[in-house]
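Asker:
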């Protein structure tokens, strides 16, 4: 019997392709698309119809998907337990979330907590801006590591010996300018924070600082605290105050705690 093996997302060999394909099927479902047809899944995953059909049958047998009499496929009840576990593992502690909310009120901008996951960065916690015009990302969103202040700071926290290879993989996967990425990362490493304007979207700016590894138990993975908002509010005269406020908040949440999964 032959095992279907391919490279894993981070470039290391040994990943099982059947698992990756099953995950691709599950990822096709979103809060806005809770019911999909087989044709929808084929289109969303880019996999052959026969492959998708086998995966759906296998996932349905495990209770992770359900096939309805109407031909629609929906998420299965067994995912409830996974959702509860993920929520417990990745929820920002109440004291830290309250501190992030206070920073959002103080600055008027959205506050987000990011970690690196392979060649992407993930929003693991957020306190939205009180303003109607605001930076819009949601907890769980995956964003590129090729641009943006949060990406630069996250990469600056990687061991220098590993950084170049990681940057090469990020650019190979997402595109972008490797020289500009290296320059942004070097600047973030030198000054301990990063500012970006219009990297992912014109008119949107971000400012990020690392969450220090202080407190009783250092995290297993480093995280970054970032402000995001319209560029018109990220004026030169406000940046020093933003840097000071975000750094104070990052120091506080290092003491009050990060999501349990980061330890």
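Numbering (UniProt numbering), first residue to last: 1 to 263. Where is the CB? At the ideal position from N, CA and C, for every residue including glycine. If you're wondering where the values come from, they're calculated on a predicted model, not measured in any experiment.
1. Out of 229, 234, 155, 147, which one is the CA nearest neighbour of residue 176?
2. Beta-carbon within less than 6 angstroms of residue 100's beta-carbon, same chain only, minus the 5 sequence neighbours each way: which residues are those?
3. Tell me the DSSP secondary structure of residue 244 in three-state form.
4. Going by the beta-carbon positions, is the gap between residue 92 and residue 124 smaller than 9 angstroms?
5. Hey, which unbroken runs of the alpha helix (DSSP H) at 4 residues or more fall wholly within the region 163-205?
6. Check whether the region 78-97 touches the region 249-257, taking contact to mean three or more Cβ pairs, one atom from each stretch, closer than 8 angstroms.
7. Within a Cβ cutoff of 7 angstroms, which residues of the same chain sit near residue 247, ignoring the five residues on either side of it in sequence?
8. Under a three-way DSSP split, which group does residue 129 fall into?
9. Compute the Euclidean distance between the alpha carbons of residue 139 and residue 161, then round it to the nearest angstrom.
10. Give the DSSP bridge partners of residue 156, in chain order.
11. Might you give, ordered along the chain, the residues of its own chain that have their beta carbon closer than 8 angstroms to the beta carbon of residue 105, omitting 5 neighbours on each side?
12. Short check: CB of residue 113 to CB of residue 222, under 9 angstroms?
13. Would you decide whether residue 133 is buried or exposed? Buried here means 16 or more other CB atoms lie within 10 Å of its CB.
14. With a threshold of 9 angstroms between beta-carbons, can residue 250 be considered close to chain D, or not?
15. Hey, quick one: how far does the beta strand (DSSP E) through residue 64 stretch, first residue to last?
16. Pick helix, strand or coil for residue 109, following the three-state DSSP scheme.
17. Going by C-alpha distance, which of 108, 35, 43 is nearest residue 238?
18. Do you know whose CA, among 145, 135, 102, lies nearest residue 122's CA?
19. By how many angstroms is the C-alpha of residue 241 removed from the C-alpha of residue 20?
20. Please name the residue, chosen from 185, 135, 70, 85, that lies closest to residue 206 on a Cα-to-Cα basis.
21. In whole angstroms, give me the CA-to-CA distance for residue 61 and residue 18.
22. Which residue wins for smallest C-alpha separation from residue 227, given the options 35, 220, 194?
23. Can the beta-carbon of residue 90 be found less than 9 angstroms from the beta-carbon of residue 260?
24. Should residue 52 and residue 65 be called a contact, given that it needs their Cβ atoms to be closer than 9 angstroms?
Answerer: Let's see:
1. Within the chain shown, numbered from 1, the residue matching residue 176 stands at position 176. Of 229, 234, 155, 147, the residue nearest in Cα terms is 147.
2. For this step, residue 100 is matched to residue 100 along the chain shown. Only 111, 127 meet the Cβ criterion.
3. Your numbering for residue 244 matches position 244 in the chain shown. Reduced to three states, the DSSP call for residue 244 is helix.
4. Position 92 of the chain shown, counted from the first residue, corresponds to residue 92. Position 124 of the chain shown, counted from the first residue, corresponds to residue 124. Cβ distance < 9 angstroms, so residue 92 and residue 124 count as in contact.
5. 178-191
6. yes
7. To locate residue 247, count along the chain shown from 1; it is residue 247. Here the set comprises 209.
8. Here residue 129 refers to the residue found at position 129 of the chain shown. It is coil, neither helix nor strand.
9. Mapped onto the chain shown, residue 139 falls at position 139. Mapped onto the chain shown, residue 161 falls at position 161. Their Cα atoms are separated by approximately 31 angstroms.
10. Residue numbering aside, residue 156 sits at position 156 when the chain shown is read from its first letter. Note: residue 156 sits in no beta bridge, so no partner.
11. In the chain shown, counting from the first residue as 1, residue 105 sits at position 105. If we look at residue 105 and ignore the five residues flanking it on each side, its Cβ neighbours are 130.
12. On the chain shown, residue 113 is found 113 positions in, with the first residue counted as 1. On the chain shown, residue 222 is found 222 positions in, with the first residue counted as 1. Taking 9 angstroms as the Cβ cut-off, residue 113 and residue 222 do not qualify as a contacting pair.
13. By 1-based counting over the chain shown, the position of residue 133 is 133. Exposed, since its Cβ has fewer than 16 Cβ neighbours within 10 Å.
14. This model lacks chain D altogether; it includes just one protein chain.
15. Working through the chain shown from its first residue, we reach residue 64 at position 64. No beta strand (DSSP E) contains residue 64, which DSSP labels as neither H nor E.
16. Taking the chain shown and counting its residues from 1, the one referred to as residue 109 is at position 109. Note: residue 109 maps to coil in three-state DSSP.
17. Within the chain shown, residue 238 is the residue found at index 238, counting from 1. The shortest Cα separation from residue 238 among 108, 35, 43 belongs to 108.
18. For the purposes of this step, residue 122 is taken as residue 122 along the chain shown, with counting starting at 1. Residue 122 has its Cα closest to that of 145, out of 145, 135, 102.
19. By 1-based counting over the chain shown, the position of residue 20 is 20. By 1-based counting over the chain shown, the position of residue 241 is 241. Whole-angstrom Cα-Cα distance: 44 angstroms.
20. In the chain shown, the residue the question calls residue 206 occupies position 206. Out of 185, 135, 70, 85, 135 has the C-alpha closest to the C-alpha of residue 206.
21. Indexing the chain shown from 1 puts residue 61 at position 61. Indexing the chain shown from 1 puts residue 18 at position 18. The alpha-carbon atoms of residue 61 and residue 18 are separated by roughly 15 angstroms.
22. Here residue 227 refers to the residue found at position 227 of the chain shown. Checked all of 35, 220, 194; the closest Cα to residue 227 is 194.
23. Position 90 of the chain shown holds residue 90. Position 260 of the chain shown holds residue 260. A contact, by the Cβ cut-off of 9 angstroms.
24. On the chain shown, residue 52 is found 52 positions in, with the first residue counted as 1. On the chain shown, residue 65 is found 65 positions in, with the first residue counted as 1. It is not a contact, given that the beta carbons lie outside the stated cut-off.
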